[in-house]
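Asks:
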Amino acid sequence: MGDNRPMIWNFTKMHGAGNDFVVLDGVRQTIEMTPERARALGDRHFGIGADQILLVERATRPDADFRYRIFNNDGSEVEHCGNGARCFVRFVHEQGLSAKNPLRAEIMGGAILVLDESDDQQVTVDMGTTRYTPDALPFDVSGLATRQQARDTLYEFPLDPAPGLPRSVELSAVAISNPHVVQVVEDTETAPVAVIGPMLESHPRFARRVNVGFMQIIDPHNIRLRVYERGAGETLACGTGACAAVAAGVRRGLLDSPVRVQTHGGVLTIAYDGQNLRLTGPATSVFNGQVDIDALTFSMALSR
258 MGDNRPMIWN
268 FTKMHGAGND
278 FVVLDGVRQT
288 IEMTPERARA
298 LGDRHFGIGA
308 DQILLVERAT
318 RPDADFRYRI
328 FNNDGSEVEH
338 CGNGARCFVR
348 FVHEQGLSAK
358 NPLRAEIMGG
368 AILVLDESDD
378 QQVTVDMGTT
388 RYTPDALPFD
398 VSGLATRQQA
408 RDTLYEFPLD
418 PAPGLPRSVE
428 LSAVAISNPH
438 VVQVVEDTET
448 APVAVIGPML
458 ESHPRFARRV
468 NVGFMQIIDP
478 HNIRLRVYER
488 GAGETLACGT
498 GACAAVAAGV
508 RRGLLDSPVR
518 VQTHGGVLTI
528 AYDGQNLRLT
538 GPATSVFNGQ
548 VDIDALTFSM
558 ALSR
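Heads up, the sequence shown is in our numbering, so the first residue is 258 and it goes up one at a time.
1) Here's a check: name, in chain order, each residue in its chain whose Cβ is nearer than 6 Å to the Cβ of R326, leaving out the five neighbours to either side.
2) If you drop the 5 nearest sequence neighbours on each side, which residues of the same chain put their C-beta closer than 7 Å to that of V349?
3) Hey, quick one: how far does the alpha helix (DSSP H) through T554 stretch, first residue to last?
4) Please list the terminal residues of the continuous beta strand (DSSP E) segment that includes V279.
5) Just curious, the beta strand (DSSP E) that T526 is in, first and last residue?
6) Go ahead and pull the three-state DSSP assignment for N479.
7) Can you list, in chain order, the residues of its chain whose CB lies under 6 Å from that of I305, leaving out five sequence neighbours each side?
8) Nearest to P420 by alpha carbon, out of M365, T387 and V452?
9) Along the beta strand (DSSP E) that carries L372, what are the first and last residues, could you check?
10) Under 8 Å by Cβ, that's how I've got H478 and D513 pegged, so tell me the actual separation to the nearest angstrom.
11) If you scan the region 435-506 from start to end, which runs of the beta strand (DSSP E) of 3 or more residues do you find wholly inside it?
12) Got a sec, what are the start and stop residues for the beta strand (DSSP E) V431 sits in?
13) Can you tell me which of the three DSSP states T348 falls into?
14) For the alpha helix (DSSP H) containing P418, list its first residue and its last residue.
15) Just to confirm the assignment: which complete alpha helix (DSSP H) runs, minimum length 4, are found wholly within the region 312-358?
16) I'd like the list of long-range same chain contacts for A489, defined as Cβ closer than 6 Å, with 5 residues on each side in sequence excluded.
17) Using a Cβ-Cβ cut-off of 8 Å (strictly less than) and excluding sequence neighbours within five positions of M258, which residues of its own chain qualify?
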């Protein structure tokens, strides 16, 4: 006879500067994630609701303490999430999975993150190195006009005609395990994020889609930022997006490290030495719960 017992998953709802997550312990419970299950968990109307689903697993390599996996609420698995990384280390410590600090976490693509939880409730993530060549995203730049600004190459990207939109935008390309483009805007509050964001995010020139940042420079150490995330839409904060914006700004000669990044969800601090990025910000546990994952996934399928 088959086993008809419900598959109950324990989870914790967390957020980092308003970027919210469902976090799952895949060390002490069996978690077999699928795109359908990730979509069900992330759905804000019929599920728990989250920008991303974070999964803690046993490390697969000797130089890491844990494996860190990230799923967008559209079901896609992605390489990196900076705000999620801060919640990851806070979760590991709160759940008693490890008392080690800092922690080393392996992410998709083979990179290792160093995660450090300080005594002031802030968490710092060593985001590793960045790359700025189009093939690192990948980004098909054939036929695009370019210009050099300090150490950065800007790509003139033509936009589809639409009322109120410019004919083109200038983009910096930044890869931090996951792909980003960044543009400078006069005012993040009036920037057409909801139009240009999805237009670029799924453009055929970006084979793996792309995260789209809109950066307003206040002064060399302060910016405002909105990010339209690949597979999640606009979020209250994006850690890798903040890092990409600061790296692009420093390379363009517009910013000096460290930089305070004001998002709709809170403040992040980015330090950049020209090669490595360090992201510091809050990580908060909101509540713990349980979910019958198969029942939730089935009910989601019926509702569509």
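Using N, Cα and C, we set each Cβ at its ideal position, and we do this for glycine too.
Replies: With the given structure in hand:
1) Cβ within range, chain order: L312.
2) So the qualifying residues of the chain are V313, F323, S355 and L360.
3) Residue range I550 to S560 is occupied by the alpha helix (DSSP H) that includes T554.
4) For V279, the enclosing beta strand (DSSP E) has its first and last residue at N276 to D282.
5) According to the DSSP assignment, T526 belongs to the beta strand (DSSP E) that extends over G523 to Y529.
6) Looking at N479 - three-state DSSP - the assignment turns out to be strand.
7) The beta carbon of I305 lies closer than 6 Å to those of V279 and L298 in the same chain, with the five residues before and after it left out.
8) Nearest Cα to P420 within the set M365, T387 and V452: V452.
9) Counting along the chain, the beta strand (DSSP E) containing L372 begins and ends at I369 to E374.
10) Right, their Cβ atoms sit about 6 Å apart.
11) Entirely contained in the region 435-506, the beta strand (DSSP E) runs reaching 3 residues are, in chain order, 435-441, 468-476, 479-486 and 490-492.
12) Per DSSP, the continuous beta strand (DSSP E) segment holding V431 begins and ends at S425 to I433.
13) Before going on, a small fix: residue 348 reads as Phe here, not Thr. Helix.
14) From DSSP, P418 is part of no alpha helix (DSSP H); its letter is neither H nor E.
15) If we require 4 residues or more, the alpha helix (DSSP H) runs fully inside the region 312-358 come out as 339-351.
16) Cβ contact annotation for A489 (same chain, cutoff 6 Å, sequence separation greater than five): D308, N329 and N330, in chain order.
17) Here M258 scores only 41 on pLDDT, less than 50, and its place in the model is too uncertain to base an answer on.
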